[in-house]
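Everything in the sequence shown is counted per the working numbering, starting at 12 for the first residue and increasing by one. Ideal placement from N, C-alpha and C gives every residue a C-beta, glycine not left out.
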Amino acid sequence: MRFSIQENGFSLIEVIITTLVASIMSLIAIPPLNDVIEQIRARSNIQVIQQTIQLGRNMAISYGARVTVCPLVENVCSEDWSLGLSVFIDQGEKNQLDANDQLLQQTSPFNENDYIRYNRPAIRFQPDGLASGTNGTLTYCPGKVDSEYAKAVIVNQAGRVRISKKKNITCKL
Numbered sequence: 012m013r014f015s016i017q018e019n020g021f022s023l024i025e026v027i028i029t030t031l032v033a034s035i036m037s038l039i040a041i042p043p044l045n046d047v048i049e050q051i052r053a054r055s056n057i058q059v060i061q062q063t064i065q066l067g068r069n070m071a072i073s074y075g076a077r078v079t080v081c082p083l084v085e086n087v088c089s090e091d092w093s094l095g096l097s098v099f100i101d102q103g104e105k106n107q108l109d110a111n112d113q114l115l116q117q118t119s120p121f122n123e124n125d126y127i128r129y130n131r132p133a134i135r136f137q138p139d140g141l142a143s144g145t146n147g148t149l150t151y152c153p154g155k156v157d158s159e160y161a162k163a164v165i166v167n168q169a170g171r172v173r174i175s176k177k178k179n180i181t182c183k184l
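What follows is the structure in structure tokens.
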């Protein structure tokens, strides 16, 4: 009588080849995955920016007070918009969070690799909802200044806040 022994499983060579193929496939897939992450981050953050600025306008009208939207460093508006946005009723010195001012909202800082540019250190709304100064465009570029996923928020003098539909946006100075 003969007995045959069946071996189940994979040989070492088969396991090595399978691991190698899986590694190569994952390396090919990672760059597009980074692009997807940048695209989602840009879409999400530009909505946060637009909604935060819109909140500032709404609060100016609701409270009948001057409201400032800006990034704060030691309670003074900064030009580093990647620090996140603060919305506050600005009753005291302009573009500064004083003891008499009321902080209404503060966003988290944005990704340290992202670029955010605006042509002024603050966005200010008057009690009637009108924006002070000239029209402004805040640009957001995830990862690099010329990202293909860059977005922009436009604030006009009437206080209207909208996301730009324009393509080829850049954060270069």
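Excluding its 5 nearest sequence neighbours in each direction, residue 72 has C-beta neighbours in its own chain below 6 angstroms: 140, listed in chain order. Here the alpha carbons of residue 116 and residue 151 stand approximately 20 angstroms from one another. Look at the beta carbons and you see the stretch 35-46 not touching the stretch 75-84: under three pairs across the two are nearer than 8 angstroms. When secondary structure is reduced to three states using DSSP, residue 156 falls in the coil class, being assigned neither helix nor strand. Fully contained in the stretch 66-116 are the following beta strand (DSSP E) runs of length 3 or more, in chain order: 78-81, 97-100.
Here residue 162 is bridged, per DSSP, to 151. Taking C-beta atoms as the reference points, residue 92 and residue 128 count as a pair closer than 8 angstroms. Annotation for residue 180: no beta strand (DSSP E) segment contains it, and DSSP assigns it neither H nor E.
Judged by their CB atoms, residue 132 and residue 182 are not nearer to each other than the 8 angstroms cut-off. When only Cα atoms are considered, residue 112 and residue 165 end up about 26 angstroms apart. Going by C-alpha positions, residue 70 is about 13 angstroms away from residue 142. By the CB criterion at 8 angstroms, residue 60 and residue 114 fall outside the cutoff. Taking C-beta atoms as the reference points, residue 157 and residue 135 fail to come closer than 8 angstroms.
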